[in-house]
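Residue numbers (this note's numbering): 1100 to 1473.
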């Protein structure tokens, strides 16, 4: 056995120390870390951070560490486009992760498309997002599927025949989800007896709920975000409306229970995953997330943020580099990617085909009800 001399060992150490560290791969993230929908952005951000840390601990991608550059759009209209331009022109990121809300994803998508830099939304479900161009992807299901799931749930599980729909006209997400729900519910023999409208930021829904109460419906579909959903639930109960209230993944946030209290007991919504899922990959993610973020249980936004970073890293590895068109092609070819929100298959429209989960609130906790396959 030949031993290396101490002098030669010292020379190797000095050489290794002198070698430059591998240049990081810059990835941009745009999220609502403050503002009205901060709960969504913060959860997604935490999942993304955890994924990047785990990837880097395992060697990064192509032998290079990933550097996550996060920008806060403050839940403000127009801000996502501003910070997208900054990340692309000044920071030279190789991809964009975000946004979680469809309206804000639609702001940044044209900018990514023009720059030929891939963009992956963790949770924007409006079909128009990926229709912007072939560099725009998502790792979540889309609203036509989510609307179908909730229409089927309303008819088969809630046994509803006549429903009311309460839509936020200022939200692309809400308008789209309402449309697909109504189409499927009516096609399946149900009746949308009444549709009422509101705008993002409204706090008083008593007029709309009074009209709904007079319509004599079996249930109310609220395709909005968690703040309005919680306030609507409270005011509905105050008006004596004891019928089921249900919505989509925009309800997914601890603030739904914090704001809604007992009024959201027995409500339902569709989402992308449940931490109660016993699959080993899900439970490993939940344990790692709790360890990283002071015992916090990850919600669907956290899981989707996590998966979006993993899907991107996988595509970079398969592309063999960070060139935009090559990474785009690798993302488009993603099939059978096993993540914590299920198996991701990117279809020709750059959407992810995967199952949905129905959740209810019971005893102040989010509880898994059922899963629905595509």
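Here a beta-carbon is modelled for each residue, glycine too, at the ideal position from N, C-alpha and C.
Three-state secondary structure assigned by DSSP to residue i
i            : result
residue 1340 : coil
residue 1413 : helix
residue 1320 : strand
residue 1240 : coil
residue 1439 : coil
residue 1086 : For the chain, the structure presents residues 1100 to 1473; residue 1086 sits outside this window and is missing.
residue 1345 : strand
residue 1115 : A caution first: residue 1115 carries a pLDDT of 40, below 50, which makes its placement in the model too unreliable to give a value.
residue 1147 : helix
residue 1101 : Confidence in residue 1101 is poor, its pLDDT being 35 and thus under 50, which makes the residue's placement unreliable; the coordinate value appears in the next sentence. Residue 1101: coil per DSSP, three-state reduction.
residue 1444 : strand
residue 1106 : Model confidence at residue 1106 stands at a pLDDT of 35, short of 50, so the residue's coordinates are unreliable; what they give is reported in the following sentence. Correct three-state label for residue 1106: helix.
residue 1326 : helix
residue 1280 : helix
residue 1247 : helix
residue 1367 : strand
residue 1451 : strand
residue 1405 : helix
residue 1431 : helix
residue 1377 : coil
residue 1257 : coil
residue 1304 : coil
Straight-line gap, residue i to residue j (C-alpha atoms, nearest Å)
i            : j            : result
residue 1469 : residue 1121 : 46 Å
residue 1428 : residue 1233 : 9 Å
residue 1444 : residue 1146 : 20 Å
residue 1366 : residue 1215 : 42 Å
residue 1439 : residue 1153 : 14 Å
residue 1273 : residue 1347 : 9 Å
residue 1343 : residue 1335 : 10 Å
residue 1307 : residue 1265 : 8 Å
residue 1237 : residue 1231 : 12 Å
residue 1345 : residue 1257 : 10 Å
residue 1433 : residue 1252 : 30 Å
residue 1466 : residue 1173 : 30 Å
residue 1425 : residue 1418 : 6 Å
residue 1108 : residue 1388 : Because residue 1108 carries a pLDDT of 38, less than 50, the predicted location of this residue cannot be relied on, and the following value inherits that uncertainty. If you take the alpha carbons of residue 1108 and residue 1388, they lie about 40 Å apart.
residue 1421 : residue 1331 : 46 Å
residue 1270 : residue 1301 : 12 Å
residue 1473 : residue 1457 : 13 Å
residue 1245 : residue 1471 : 10 Å
residue 1523 : residue 1239 : Because the chain here runs from 1100 to 1473, residue 1523 falls outside it and cannot be looked at.
residue 1431 : residue 1446 : 7 Å
residue 1317 : residue 1340 : 10 Å
residue 1460 : residue 1355 : 10 Å
residue 1285 : residue 1324 : 24 Å
residue 1103 : residue 1406 : Because the pLDDT at residue 1103 is just 35, under 50, the model does not fix this residue reliably, and the point stays unresolved.
residue 1322 : residue 1376 : 25 Å
residue 1105 : residue 1158 : Note on residue 1105: pLDDT 37, under 50, position unreliable in the model; no value is reported.
residue 1171 : residue 1202 : 15 Å
residue 1283 : residue 1190 : 44 Å
residue 1455 : residue 1177 : 30 Å
residue 1299 : residue 1423 : 36 Å
residue 1155 : residue 1188 : 25 Å
residue 1453 : residue 1374 : 17 Å
residue 1130 : residue 1287 : 37 Å
Pair within 8 Å by beta-carbon distance, residue i and residue j
i            : j            : result
residue 1280 : residue 1250 : yes
residue 1411 : residue 1194 : yes
residue 1139 : residue 1183 : no
residue 1149 : residue 1124 : no
residue 1290 : residue 1260 : yes
residue 1372 : residue 1408 : no
residue 1416 : residue 1196 : no
residue 1198 : residue 1223 : yes
residue 1228 : residue 1369 : no
residue 1132 : residue 1151 : no
Residues that DSSP places opposite residue i in a beta bridge
i            : result
residue 1166 : 1125
residue 1196 : 1128 and 1219
residue 1294 : 1264
residue 1171 : 1130
residue 1228 : Residue 1228 pairs with nothing; no bridge assigned.
residue 1141 : In the DSSP output, where bridge partners are listed per residue, residue 1141 has none listed.
residue 1469 : 1457
residue 1390 : DSSP, once it has assigned bridges, lists no residue as partnering residue 1390.
residue 1160 : 1163
residue 1235 : 1218
residue 1464 : 1461
Residue i beta carbon near the ligand NAD (any heavy atom closer than 7 Å)
i            : result
residue 1294 : The ligand NAD is not among the ligands present in this structure, which contains no ligands whatsoever.
Nearest-angstrom beta carbon gap, residue j and residue i [assumed within contact, 8 Å]
i            : j            : result
residue 1384 : residue 1413 : With a Cβ gap of about 16 Å, residue 1384 and residue 1413 do not count as contacting.
residue 1192 : residue 1235 : At roughly 15 Å, the Cβ-Cβ gap does not stay under 8 Å, so residue 1192 and residue 1235 are not in contact.
residue 1276 : residue 1242 : 5 Å
residue 1352 : residue 1314 : Rounded, the Cβ-Cβ distance is 29 Å, inconsistent with contact.
residue 1358 : residue 1329 : 4 Å
residue 1394 : residue 1142 : No, residue 1394 and residue 1142 are not in contact; Cβ-Cβ is about 15 Å, not under 8 Å.
residue 1218 : residue 1179 : Rounded, the Cβ-Cβ distance is 11 Å, inconsistent with contact.
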